[in-house]
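Asker: Structure incoming, see below.
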Amino acid sequence: MLLAAEGHSNQDIARSLGCHVDTVRVWRGRFARDGRVVTLEDRPRSGRPARISPAARCELIKLACDKPANHGLQTRTTWTYATLARRLLHETGIGLSVSEVGRILRNEDFRPHKMRLWLHSPDPDFCRKVQRICDLYHHPPDGAHVLCVDEKTGMQALGRRFPSKLPAPGRAGRFEFEYVRRGTSSLIAAFDVRTGRVLGECKPQRRAEDLVGFMEALARNYPTGQVYIVWDNLNIHYDGSDNRWVRFNQRHGDRFHFVYTPIHASWINQIEIWFSLLQRRVLRCRLSLRRCLAPRRDGLHPPLEPRRSPPVQLDLSWPLRPNSAASRRMSRPRTSRNTAAKTDDDARAVEQFLRQYQGLAHIRVRHRAPLITLESGPADDPVLHARLRRLAANLWQLEMATHTGRWEPTPFRASRDELLELLLGNFGWTLSERA
Numbered sequence: 125m126l127l128a129a130e131g132h133s134n135q136d137i138a139r140s141l142g143c144h145v146d147t148v149r150v151w152r153g154r155f156a157r158d159g160r161v162v163t164l165e166d167r168p169r170s171g172r173p174a175r176i177s178p179a180a181r182c183e184l185i186k187l188a189c190d191k192p193a194n195h196g197l198q199t200r201t202t203w204t205y206a207t208l209a210r211r212l213l214h215e216t217g218i219g220l221s222v223s224e225v226g227r228i229l230r231n232e233d234f235r236p237h238k239m240r241l242w243l244h245s246p247d248p249d250f251c252r253k254v255q256r257i258c259d260l261y262h263h264p265p266d267g268a269h270v271l272c273v274d275e276k277t278g279m280q281a282l283g284r285r286f287p288s289k290l291p292a293p294g295r296a297g298r299f300e301f302e303y304v305r306r307g308t309s310s311l312i313a314a315f316d317v318r319t320g321r322v323l324g325e326c327k328p329q330r331r332a333e334d335l336v337g338f339m340e341a342l343a344r345n346y347p348t349g350q351v352y353i354v355w356d357n358l359n360i361h362y363d364g365s366d367n368r369w370v371r372f373n374q375r376h377g378d379r380f381h382f383v384y385t386p387i388h389a390s391w392i393n394q395i396e397i398w399f400s401l402l403q404r405r406v407l408r409c410r411l412s413l414r415r416c417l418a419p420r421r422d423g424l425h426p427p428l429e430p431r432r433s434p435p436v437q438l439d440l441s442w443p444l445r446p447n448s449a450a451s452r453r454m455s456r457p458r459t460s461r462n463t464a465a466k467t468d469d470d471a472r473a474v475e476q477f478l479r480q481y482q483g484l485a486h487i488r489v490r491h492r493a494p495l496i497t498l499e500s501g502p503a504d505d506p507v508l509h510a511r512l513r514r515l516a517a518n519l520w521q522l523e524m525a526t527h528t529g530r531w532e533p534t535p536f537r538a539s540r541d542e543l544l545e546l547l548l549g550n551f552g553w554t555l556s557e558r559a
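Encoded structure:
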């Protein structure tokens, strides 16, 4: 009512308060007919009086917010509706059926049996490191090579005992359940940011000497010019007691520069994008990897190199600042009950925003409250790029896809438009078209 008195429209009030416009219209009409303060109280509901008191509901929610181990259930880590009903009856004498427990918790948007991954980067130099890597991707030094290096371990070389059946009209392709194990292999690969070339080498293990051997072969493929290596904080990526990378650099004229991604920020490394293609196209289907994982005598080779379109050229107009709204870590507020309708409107706004940029015609927006996902490729096997998660009315979080198909949350939390500017300005390579 105070916002209405200031002259705001119903749409503006609903957007700022995080409720539906119909709710605003009903309360404004009610107050216009009877301007007393008592009019703003809820009227008695029609129908049968409530059997479950508000105090019983609060006791249930209080119990669901606590750990099961604190209530004598030492072998459980999460609640179920049945265990909540039993413990509530045992501790308070309030008897609720399992379906009633489920209805009460769903009405409060509370699902104690579901857990999500939570991850943030504790690196104090997060913004500085991300800015340096983004500058290398967008503006590499003249004559220099920027290579993203990482290892993919534990790849199973599985084969089928019986040949698979190809798909036909009206019939999906099929493969027999039984498979043959042919061991595991570790892939060490390098992604050339400028050309999109992928060089890899398979090893039985991932050890420091294996990585040094791979880097020696990489140095032979890039005999001249400065080489910038972008990789994560794995222990074998550091010098160690034998100063492996100091001695390696001395052997090659000190032309190698090692750039480390922030802690818990593997999505910055572009080789992760190619690993995701390898995981989805080959490893997930349990195809026979004996041939493609077999080591080559001539050293490095481009394994399963995908088609790569020219990168999206975007204007770097969003410098990362430690005190910017996108880099502040904020506590997760509770989402409103009208998240689905809001996400639909925001998804249409994101589509309109992306149409302003050339080279992004391949990107499509898929929305399911409270998520807005940017993807491309076939609908039955989409290539995931990034997604926005709604945290509050005007607060979103940016998440990136990893090579395993899981989503890795980033520390960036801001408004929808600010995150899109950040994504397009500094992480535009994640949206480039990939086969």
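For the sequence shown, our numbering assigns the number 125 to the initial residue and increments by one for each residue that follows. We put the beta carbon where it would ideally sit given N, CA and C, even for glycine. No experiment lies behind these values; they were computed from the predicted model shown.
(1) Quick check on aspartate 316: does DSSP put it in helix, strand or coil?
(2) Can you list, in chain order, the residues of its chain whose CB lies under 7 Å from that of arginine 488, leaving out five sequence neighbours each side?
(3) Using the three-state DSSP reduction, which class does alanine 343 fall into: helix, strand or coil?
(4) Starting from serine 500 and walking both ways along the beta strand (DSSP E), at which residues does that stretch end?
(5) Helix, strand or coil for glutamate 275, going by three-state DSSP, please let me know.
(6) Since alanine 389 is in the alpha helix (DSSP H), which residue starts that stretch and which ends it?
(7) In this structure, does DSSP put leucine 197 in helix, strand or coil?
(8) Glycine 549 to aspartate 166, Cα distance in whole Å?
(9) Which class does aspartate 439 belong to by DSSP, given the choice of helix, strand or coil?
(10) For the beta strand (DSSP E) containing tyrosine 362, name the first residue and the last one.
(11) Do the stretch 294–303 and the stretch 313–332 make contact, defined as three or more Cβ pairs closer than 8 Å?
(12) Report the residue from Leu478, Met524, Gly307 whose alpha carbon sits nearest the alpha carbon of methionine 279.
(13) Note the first and the last residue of the continuous beta strand (DSSP E) segment covering threonine 526.
(14) Answer yes or no: do aspartate 259 and proline 386 have a C-beta to C-beta separation smaller than 7 Å?
(15) Thinking glutamine 403 and glycine 529 are a contact (beta carbons under 8 Å), I'd like their distance in whole angstroms, please.
(16) Taking 7 Å as the cut-off, decide whether the C-beta atoms of glutamate 557 and histidine 491 are in contact.
(17) What first and last residue would you give for the alpha helix (DSSP H) that runs through alanine 510?
(18) Serine 133 by DSSP, collapsed to three states: which one?
(19) Taking the alpha helix (DSSP H) that tyrosine 205 falls in, what are its first and last residues?
(20) DSSP three-state label for histidine 381, please.
(21) Mapping the DSSP letters down to three states, classify alanine 174 as helix, strand or coil.
(22) Taking C-beta to C-beta, are alanine 341 and histidine 376 nearer than 7 Å?
(23) What are the start and end residues of the beta strand (DSSP E) that includes tryptophan 355?
(24) Of all the options His509, Arg513, Ala138, which has the alpha carbon lying nearest to the alpha carbon of alanine 493?
(25) Does the beta-carbon distance from valine 273 to proline 264 come in below 7 Å?
(26) Give the secondary structure of arginine 472 by DSSP, where H, G and I count as helix, E and B as strand, and everything else as coil.
(27) Alpha carbon to alpha carbon, how far is aspartate 266 from phenylalanine 477?
(28) Within this structure, are the beta carbons of tryptophan 203 and alanine 188 separated by less than 7 Å?
(29) Using the rule of at least 16 other Cβ atoms within 10 Å of the residue's Cβ for burial, across every protein chain shown, is leucine 555 buried or exposed?
(30) For proline 192, which three-state DSSP category applies?
(31) Just how far apart, CA to CA, sit histidine 244 and tryptophan 531?
(32) Look at the alpha carbon of valine 317 and the alpha carbon of glutamine 394, and state the distance between them as a whole number of angstroms.
(33) Whose C-alpha, out of Tyr481, Thr497, His527, Asp470, is nearest the C-alpha of leucine 519?
(34) For leucine 522, which residues in the same chain have their Cβ closer than 6 Å to its Cβ, ignoring the five residues on either side in sequence?
(35) Just to check, is the beta-carbon of aspartate 356 closer than 6 Å to a non-hydrogen atom of the ligand FAD?
Answerer: With the structure as the only source:
(1) Assigned with DSSP and collapsed to three states, aspartate 316 falls in strand.
(2) The beta carbon of arginine 488 is closer than 7 Å to those of Glu499, Ser500 in its chain, skipping five residues each way along the sequence.
(3) Helix.
(4) 495–500 is the span of the beta strand (DSSP E), which, as asked, contains serine 500.
(5) DSSP places glutamate 275 in strand when its eight states are reduced to three.
(6) No alpha helix (DSSP H) holds alanine 389; DSSP gives it neither H nor E.
(7) Three-state DSSP puts leucine 197 in coil, outside helix and strand.
(8) The alpha-carbon atoms of glycine 549 and aspartate 166 are separated by roughly 48 Å.
(9) Residue placement at aspartate 439 cannot be trusted, given a pLDDT of 32 that sits under 50; what the coordinates show is reported in the next sentence. Aspartate 439 sits in coil when the DSSP states are folded into three classes, being neither helix nor strand.
(10) Per DSSP, tyrosine 362 belongs to no beta strand (DSSP E) and is neither H nor E.
(11) Look at the beta carbons and you see the stretch 294–303 not touching the stretch 313–332: under three pairs across the two are nearer than 8 Å.
(12) It is Gly307 whose Cα lies nearest to the Cα of methionine 279.
(13) Taken as a continuous stretch (DSSP letters only), threonine 526 belongs to no beta strand (DSSP E), as it is neither H nor E.
(14) Annotated as distal: aspartate 259 and proline 386, with beta-carbon spacing of 7 Å or more.
(15) Yes, glutamine 403 and glycine 529 are in contact; Cβ-Cβ is about 7 Å, under 8 Å.
(16) The Cβ-Cβ distance between glutamate 557 and histidine 491 does not fall below 7 Å.
(17) Counting along the chain, alanine 510 falls outside any alpha helix (DSSP H), though it belongs to the beta strand (DSSP E) covering 507–516.
(18) Of the three classes helix, strand and coil, the one that applies to serine 133 here is coil, per DSSP.
(19) From DSSP, the alpha helix (DSSP H) with tyrosine 205 extends over 205–216.
(20) Strand at histidine 381.
(21) Taken through DSSP and simplified to helix, strand or coil, alanine 174 comes out as coil.
(22) No, these two residues do not count as a Cβ contact at 7 Å.
(23) Note, tryptophan 355: beta strand (DSSP E), 351–355.
(24) Answer by Cα proximity: Arg513.
(25) In this structure, proline 264 does not lie closer than 7 Å to valine 273 by Cβ.
(26) Note: arginine 472 maps to helix in three-state DSSP.
(27) If you take the alpha carbons of aspartate 266 and phenylalanine 477, they lie about 33 Å apart.
(28) With contacts defined as CB atoms closer than 7 Å, tryptophan 203 and alanine 188 qualify as a contacting pair.
(29) Counting Cβ neighbours within 10 Å, leucine 555 comes out buried, since at least 16 surround it.
(30) Helix at proline 192.
(31) Their Cα atoms are separated by approximately 13 Å.
(32) In a straight line, the C-alpha of valine 317 is about 8 Å away from that of glutamine 394.
(33) When only C-alpha atoms are compared, the closest one is Asp470.
(34) Apart from the 5 residues on each side of it in sequence, leucine 522 sits with its Cβ closer than 6 Å to the Cβ of Thr534, Phe536, Leu543 in its chain, given in chain order.
(35) The ligand FAD is not among the ligands present in this structure, which contains no ligands whatsoever.
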